[in-house]
Structures are given as C-alpha cells and as structure tokens.
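In the numbering used here, the protein residues as written are 2 to 111.
Take a look at the structure:
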C-alpha cells in the first residue's frame, strides 16, 4: 500500500510541527501508511501542487486563508480544513488525525 500524505500549514510551520509529532505517534502506533508534514503557509502552492496530499490542514492562526485555499485545491480533489482550535490547543494528535482522515474519506466518496 502506498503512503498517503497529509500536510499541515501555519504561519511559520513551528506550532504545527508539534501537532505533526503528536499525529505521527498515532500513525506509528497503528502502523498506518501515512506521512504527515508541517510547512509554513508561504510554501503551500509549491508543496501541494507537487506532492498532491490526501488532505491539507490549516492551523487556526491562518484560518483566514481557508476559503481561498479551498477554492484553489478542492476542485483538484484535495480537501482543505482548519484544525479545530480546541484540538489544536490541546495538541490532540489522535483527534486531529481522525478529522483529517474523515475529511479525506468524505472527499473520496464525492
């Protein structure tokens, strides 16, 4: 099975790096074929268009980019969401991963 990619974007990619680590703990625990990486939002176009992730997650601090990002990538089959601020604040990797996988699955079923 090929490894699927989920990318998180925030202002500088710093706080999302912590969330990525928490999410990857869950990925490893359950041996899931996923690669999760954080990037600064300034690189979103370069990264998403090259790598074609199954989901793009935005940190709450860049939620103002949600509509623009959805307009850009959802027509290409790449779903976009903002990580729930409560999940993000708690750095709950398991809940964030579940939300990302649900987003990707719902997109696949369209």
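Backbone N, C-alpha and C fix where the C-beta goes; we use that ideal spot for every residue, glycine too.
Residues bridged to residue i [DSSP beta-bridge criterion]
i: residue 83; result: 59
i: residue 39; result: 9
Identity of the residue in the options nearest residue i by Cα
i: residue 7; options: 89, 73, 79; result: 79
i: residue 16; options: 109, 52, 73, 41; result: 41
i: residue 21; options: 88, 103, 107, 105; result: 88
Span separating the alpha-carbon of residue i from that of residue j
i: residue 61; j: residue 84; result: 6 Å
i: residue 55; j: residue 5; result: 6 Å
i: residue 105; j: residue 51; result: 18 Å
i: residue 28; j: residue 86; result: 21 Å
i: residue 107; j: residue 32; result: 22 Å
Same chain, Cβ closer than 6 Å to residue i, five either side skipped, listed in chain order
i: residue 24; result: 37, 94, 97, 98
Bounding residues of the alpha helix (DSSP H) (the contiguous stretch that carries residue i)
i: residue 33; result: Looking at the DSSP string, residue 33 is not in any alpha helix (DSSP H), and its letter there is neither H nor E.
i: residue 104; result: 94–109
i: residue 67; result: 67–74
Residues near residue i by beta carbon distance below 8 Å, same chain, minus five either side
i: residue 11; result: 17, 39, 41, 42, 59, 60, 62, 63
Spatial neighbours of residue i in its chain, beta-carbon cut-off 7 Å, leaving aside the 5 residues before and after
i: residue 74; result: 49, 57, 81
Residue i beta carbon near the ligand PLP (any heavy atom closer than 7 Å)
i: residue 29; result: Only the bare structure without any ligand can be found here, which leaves the ligand PLP out of the picture.
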